[in-house]
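No gaps in the numbering here: position 62 of the sequence shown is 511 in the numbering used here, and each next residue is one more. Where is the CB? At the ideal position from N, CA and C, for every residue including glycine. Predicted model only: the values in this text are computed from it and were never measured.
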Amino acid sequence: AVRLSEDTYYIHDLIGSKVYKGAEFLGILEDVLTMPANDVYIIKDLYGKKIFIPAIKDYIKSFDPKVKKIDLTPDCDLLYDDEN
Numbered sequence: 450a451v452r453l454s455e456d457t458y459y460i461h462d463l464i465g466s467k468v469y470k471g472a473e474f475l476g477i478l479e480d481v482l483t484m485p486a487n488d489v490y491i492i493k494d495l496y497g498k499k500i501f502i503p504a505i506k507d508y509i510k511s512f513d514p515k516v517k518k519i520d521l522t523p524d525c526d527l528l529y530d531d532e533n
């Protein structure tokens, strides 16, 4: 496997991670969209709704690959799939 730089992970390592914003469990990372500006994480919440979060350092506080847990920053904006 190719050695990645610090704070860079393979998509398959991220899929299935539990996502938290503070103490609040948001859901499970279901997919990653690769976009020109930045990747977008797609999280499925407990009710089956999808949440979209830009995968940028301003929003991602930490990722622990051993326990597959992503912590978001408190001021991270969430976009739900049913919002217009």
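Buried or exposed: which applies to residue i, given that a residue is buried once 16 or more other Cβ atoms fall within 10 Å of its Cβ?
i      : result
Ile505 : exposed
Val451 : exposed
Leu528 : exposed
Leu478 : buried
Leu521 : buried
Name the DSSP bridge partner or partners of residue i?
i      : result
Tyr469 : Phe474, Asp520
Asp480 : Ile491
Ser511 : Asp520
Tyr496 : For Tyr496, which the question treats as bridged, DSSP gives no partner whatsoever.
Tyr459 : Note: Tyr459 sits in no beta bridge, so no partner.
Ile502 : Tyr490
Who are the Cβ neighbours of residue i in its own chain at under 8 Å, not counting the five residues just before and after it?
i      : result
Asp531 : Lys498
Ile489 : Reading off the sequence, residue 489 comes out as Val, not Ile. Closer than 8 Å at the Cβ level, and outside the excluded window around Val489, lie Val481, Leu482, Phe501, Ile502, Pro503, Ala504.
Alpha carbons only, please: which of the options is nearest the one belonging to residue i?
i      : options                : result
Gly465 : Val516, Leu521, Glu473 : Val516
Asp456 : Asp526, Phe512, Cys525 : Phe512
Under 7 Å between the Cβ atoms of residue i and residue j?
i      : j      : result
Leu475 : Ile460 : no
Asp462 : Pro523 : no
Short of 6 Å in beta carbon distance, which residues of its chain neighbour residue i, apart from the five on each side in sequence? Order them along the chain.
i      : result
Tyr469 : Asp520
Using a Cβ-Cβ cut-off of 7 Å (strictly less than) and excluding sequence neighbours within five positions of residue i, which residues of its own chain qualify?
i      : result
Ile509 : Ile519, Leu521
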